[in-house]
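Below is one structure, written out as structure tokens; the observations come after it.
2 protein chains.
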Amino acid sequence: MPSESSLADLLPEEAVRDAAHGGMDDVYLKPGHLIRRLQQMAVSVFAQECEGFDMTPMQYAALVALRDNPGIDATRIGALVAMDRSTMGNVLERMEGKGLIERRANPQDKRVKLLKLSRRGAKLLADCEPFVRAAQARMLEPLDAAERVQFTHMMRRMIARQDVI
Amino acid sequence: MPSESSLADLLPEEAVRDAAHGGMDDVYLKPGHLIRRLQQMAVSVFAQECEGFDMTPMQYAALVALRDNPGIDATRIGALVAMDRSTMGNVLERMEGKGLIERRANPQDKRVKLLKLSRRGAKLLADCEPFVRAAQARMLEPLDAAERVQFTHMMRRMIARQDVI
DNA sequence: CGCAATTCCTCCGTATACTGTCAATTCATC
DNA sequence: GATGAATTGACAGTATACGGAGGAATTGCG
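Protein chains in written order, with numbering that gives the first Met the number 0: chain X, 0 to 164; chain S, 0 to 164.
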């Protein structure tokens, strides 16, 4: 049986106190660290809610983008979901391996490969939708309605300012 | 010269409009997606500000944890910075390769390897501190003072609720 | 003391994530 | 129409990120 110990159990009391009260140089309270922890939380919640679908957050994002934009190419899907071409290529390769998408050569432009949801991919997407919705809701659950709107807007402002990808 | 095109340039107007106005099933506005984008932003800002130090955000976190807890072992460092032991092992291996840390066997407990900052690691940490501070500030720059406090608290609440790692 | 449970590290497997490079192809301009 | 610039997908390299297995070592309980 895997140990169910939480982070705090492993730490010396000193560190826990510092993390709780905020020492001088506590990495633990800096935005960079908290944002990373937030991402860990989001991935974990998604995995928990969508357990059994054999689907990752990025694969879900690609499925949605593909459903809403059939016949798009890999570079443009990457732009839609904010992922670079290399990583998108790997994600799509795994998805093709699982039979979720189909890649076809474009007769008009022999550089690009057009992408399409397979029947199986469409079914997976439809089936998991309620669970993904539950995951998204659970991430924001500690916030009240007004805070959720605020938080979302603040995230969008921070992302927009430093435009990445 | 690498293309300086932003995300929006690549997208069909339809997708941009949807992303801006919020369609029915826009992944682009869901917390999971925004949190991932936020993490991309944070890593990118850190990399820009700390360019030239040959140091990643996780390596910085490990350095701080090691400075504040000399003689700690790998599992406990992982708990401090919220990273599983496998990944921490890889990070520490790379850091040892760069001469930033020293790993020594513990005579009392031959399972563990005690970790210590090297002189070089300590110097790197001291040198990069102002740049890391600048990076952390830049991440929150679009928010005003009150919002920064709110945002940080909301992140902490969301992380605390779904306790990961 | 003996033995089971636990702990620590390492390795494997899978999945992101980004930079840089490359060849094939297309486009823009002359 | 030729040619340089840009685009696309593939690949290599580096770095997270996590679960699980396994071996060595320690601890705790009887």
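In this text, a Cβ means the ideal position worked out from N, Cα and C, and glycines have one as well.
Under the DSSP assignment, I158 of chain S falls in the alpha helix (DSSP H) whose first and last residues are A144 to R160. Collapsing the DSSP output to three states places I76 of chain X in a helix. Within 9 Å of the CB of S43 of chain X, the CB atoms of chain S belong to Q161, V163 and I164, in sequence order along the chain. Assigned with DSSP and collapsed to three states, I71 of chain X falls in coil, not helix or strand. Scanning chain X for C-beta atoms nearer than 7 Å to the C-beta of E140 of chain S yields R160, reported in chain order. Put simply, the CB of F150 of chain S is near chain X, with a gap under 8 Å to one of its CB atoms. The continuous alpha helix (DSSP H) containing K122 of chain S extends over residues R118 to M138. According to the DSSP secondary-structure assignment, I100 of chain X is paired through a beta bridge with X:L116. Between L62 of chain S and L99 of chain S the beta-carbon gap is near 7 Å, inside 8 Å, which marks them as a contact. Under the Cβ criterion (8 Å, minimum of three pairs), the stretch 29-40 of chain S counts as touching the stretch 68-85 of chain X.
Taking the beta carbon of E146 of chain X as reference, the chain S residues within 7 Å of it are M153, listed in sequence order.
Apart from sequence neighbours up to five positions away, the residues of its chain that approach G88 of chain X with a beta-carbon distance below 7 Å are A73, ordered along the chain. Residues of chain S with a Cβ closer than 7 Å to the Cβ of Q135 of chain X are, in chain order, K29, P30 and G31. Apart from sequence neighbours up to five positions away, the residues of its chain that approach G70 of chain X with a beta-carbon distance below 8 Å are L113, L114 and K115, ordered along the chain.
DSSP places I164 of chain S in the coil class of the three-state scheme, outside both helix and strand. The beta carbons of L124 of chain X and R66 of chain X sit closer together than 8 Å.
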